[in-house]
Amino acid sequence: MGEMGITPIRLEPDKYISFFSSYKKSLPLLVTDYDGTLTPFVKEREKASLSPKTKSLLKSICEAGGDVIIVSGRKPEEINDFVGLPLEIWGCHGMEKIDRKGRSTRGYIPEEELKKLDDFSSQLNYFPRGSVEKKPSGIALHWRDRADIFDMYMEVSDKLLSEASANSLKVMSFNGGVEFILPYFTKGTAIIDISIIYQKASPLCYLGDDTTDEDAFKEVKKIKSGVGILVSDDEKESAADVYISRSEVDLFLDFWLNELTPKGRC
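So the sequence shown is numbered by our numbering: it starts at 889 and just counts up by one.
Here is the structure:
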């Protein structure tokens, strides 16, 4: 099992079958991040659509009776608009969910904690409006391809970090920005909840690419049937068990469809 401080081994496409042969295939569950995993990072966040190939593979997995859950820091409605498939979406790091039938639920957070987040949000009025993303679970500052915004952040980062701590917010860096979130929901807590709901899942596989996915990898490795897969073109330290390149995500989805999906169960 992977640990932070250890570089996961590379999982070559021709080793997929042998790697998963050690897992009991009673109820395969594919859990995956969205941005940077299923689709490349883009400067304009509202244009982060799936490629036709990736969407087709996910659709085929769903139609064959496979279980797929997308866990994202985005609002679930955004992911639902991008994907448009009958699968579960755990948005805002699991705080808000949309089930396969399109029904929405929201996790509970005390009102006083929500007020702390609202009070803190005024600290980011300093930044251009398009760079700030307010969500029920937190507030993110984006600087991908915007060195000027990153420079602005560095000028006031000490003050922001101090204010975040004073308001009991967790600071999470990600590829192209930073997010200040309520500590109740992370991708790690999402995995905990998913493993309780899907107790018989095997293998329970999580795909992710970024710092925010490390919480999920850490929880996945506590699950007997869990496997964490880092999506990265480079070797890097991670709590994931193995890694695949970004260009191999569709190959992995094709493997999952043909080898780990109970076809005909839909």
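Just so you know, even glycine gets a beta-carbon here, dropped at the ideal spot from N, CA and C.
- Judged by DSSP secondary structure, T920 falls within the beta strand (DSSP E) whose first and last residues are 917 to 920.
- The C-beta of Y996 has fewer than 16 other C-beta atoms within 10 Å across all chains shown, which makes the residue exposed.
- Fewer than three pairs of CB atoms, one per stretch, sit closer than 8 Å, so the stretch 1114 to 1121 makes no contact with the stretch 1014 to 1027.
- Under the criterion of beta carbons closer than 8 Å, L1049 and Y1041 do not qualify as touching, at roughly 10 Å.
- Judged by DSSP in its simplified three-state form, A1089 adopts coil rather than helix or strand.
- Between S960 and the set A952, L975, G982, the nearest pair of CA atoms involves G982.
- Beta-bridge annotation (DSSP): E1107 is not paired with any residue.
- If you look at E1136, you'll find it isn't in any alpha helix (DSSP H); DSSP assigns it neither H nor E.
- In its chain, beyond the 5 residues on either side, K1004, F1008 have a beta carbon closer than 6 Å to the beta carbon of N1055.
- In the structure shown, the three-state DSSP call for T927 is strand.
- By the Cβ neighbour-count rule, I1027 is buried, with 16 or more other Cβ atoms within 10 Å of its own.
- Taking one beta carbon from each stretch, the stretch 916 to 935 and the stretch 952 to 970 have 3 or more pairs nearer than 8 Å; the two touch.
- Between G953 and P1091, the beta carbon gap of about 16 Å keeps them out of contact (Cβ cut-off 8 Å).
- Under the three-state reduction of DSSP, F1015 is assigned to coil, being neither helix nor strand.
- Looking at the DSSP output, F1143 sits in no beta bridge, so it has no partner there.
- Per DSSP, the continuous beta strand (DSSP E) segment holding F1062 begins and ends at 1058 to 1062.
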